[in-house]
Amino acid sequence: MGLLTVVAIGGNSIVQSPQDIAGDRQQQAMDQLAASIADVQAAGHRVVITHGNGPQVGLELRRAELAHQHEDLPPVPLAACVALTQGGMGYQLQLALANTTRGDDKPGAVSLVTLVEVDAGDPAFHAPDKPVGLFYSEQEYLEQARRHPDWQFVEDAGRGYRRVVASPRPQRILSSAAIASLLHNGHMVIAGGGGGVPVIRGEGGAYQSIDGVIDKDLTSALLATEISADLLVITTGVEKVCLNFGTPQQKALGLVSLAEMEQYLQEGHFPAGSMQPKIAASLAFLRSGGKQVIITDPAHLNAAVRGSAGTRIVP
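So, in structure tokens, the structure goes:
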């Protein structure tokens with residue numbers, strides 16, 4: 001059987017603005033993405049696709065908040081918004097893959113709404129720092145704080161106030177066995193969208209959802225570990241990881257060892273809000289027995305998988 005490969009696609013790689021989500025441009029982006037992923041499969045890989053949902057979940061939250069404010073419709077929890085984006089984006093990508101691969105004899109792609117267990121005692125729940133949803137004026141912020149006394153807010157770079165939520169670490173993918181079974185039967189699988197819907201164990205061991213946003217690259221690395229993937233591919237906005245990014249000393253990285261990348265991470269080469277979580281997820285996968293990680297942009301996905309582009313990290 002071919003290499004088992006998890007391909008993690010950034011939400012901003014799919015669209016750049018809410019206007020793109022509302023129109024046909026997101027489906028067009030999915031069509032382009034599907035063509036690249038079909039090429040990866042044609043090269044002999046068994047493929048799982050994960051994806052971000054930052055712009056998309058922001059739009060869902062905005063819709064829900066405006067409907068609640070102006071039409072008095074029931075509020076929609078963040079966990080439900082994450083699930084909605086998983087379903088909507090999964091449908092679009094599944095449709096694109098069905099059209100791209102029609103006529104071949106392989107089983108079709110399957111999209112799963114994915115629950116991810118997190119630790120109720122994760123320190124992130126005591127220090128929420130992930131901005132989500134609308135920007136509020138001071139007056140709107142005070143009104144939202146009155147309506148939702150359990151929400152926390154921060155001022156965001158002078159642009160207004162935003163709600164912040166916890167970003168707990170993923171502990172277990174509830175559907176990893178189902179994903180492995182689908183892969184065994186030849187299906188491509190779309191899972192872990194937006195990092196998954198976070199759930200915790202409640203009284204008696206029952207699962208319950210909890211508001212939070214899980215880093216999709218950490219979820220991708222955990223899923224890759226749980227299904228014993230050979231390769232984790234993380235797409236981002238640049239072809240290769242760079243040291244001293246944006247300076248005259250900028251240096252693109254090709255083949256890098258785990259130890260070298262750990263050193264670069266400790267030296268502070270990777271910004272916390274962009275490349276750092278991708279590097280952290282890559283290292284977590286390799287430390288757990290993964291064989292290799294590729295980081296590149298969507299345009300170089302196929303070339304990187306074939307070894308002629310991107311940054312490749314090995315143990």
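Just so it is clear: in the sequence shown, position 20 is 20 by UniProt numbering, and no numbers are missing. Where is the CB? At the ideal position from N, CA and C, for every residue including glycine.
query	result
Taking C-beta to C-beta, are methionine 261 and leucine 283 nearer than 8 Å?	yes
Can you tell which of Arg201, Gly160, His45 has its C-alpha closest to the C-alpha of valine 118?	Arg201
Please look up how many angstroms separate the CB atoms of glutamine 78 and leucine 61, rounded, as I've assumed it's under 8 Å.	Going by the sequence as given, residue 78 is leucine instead of glutamine. 7 Å between Cβ atoms; contact.
Exposed or buried, which one is arginine 102 when buried takes at least 16 other CB atoms within 10 Å?	exposed
Using 8 Å for Cβ pairs, my map puts methionine 188 next to threonine 236. What's the rounded Cβ distance?	About 22 Å; that fails the 8 Å criterion.
Within 10 angstroms of its Cβ, does valine 154 collect 16 or more other Cβ (buried), or is it exposed?	exposed
Just reading off the beta strand (DSSP E) that phenylalanine 270 is part of, what are its end residues?	Careful: phenylalanine 270 lies outside any beta strand (DSSP E) and carries neither H nor E.
Give me the DSSP bridge partner(s) of glutamine 292.	Leu231
Ignore the nearest five residues each way along the sequence and tell me which others in histidine 68's own chain have a CB closer than 6 Å to its CB.	Pro75
Any contact of the stretch 190-201 with the stretch 245-256, i.e. 3+ C-beta pairs under 8 Å?	no
If you measure between the beta carbons of aspartate 217 and leucine 4, is that distance less than 8 Å?	no
Going residue by residue through the stretch 122-194, where are the continuous alpha helix (DSSP H) segments of at least 4 residues, counting only ones entirely within it?	138-147, 176-184
Sort out for me which residues DSSP pairs lysine 251 with in a bridge.	Leu243
Which residues in the same chain have their Cβ closer than 7 Å to the Cβ of aspartate 297, if we skip the five residues on either side of it in sequence?	Thr235, Thr236, Gly237, Val238, Glu239
Whole angstroms are fine: how far does the CA of glutamine 56 sit from the CA of asparagine 12?	9 Å
In the stretch 24-60, which residue ranges form an unbroken alpha helix (DSSP H) of at least 4 residues, counting only runs that do not cross its ends?	25-42
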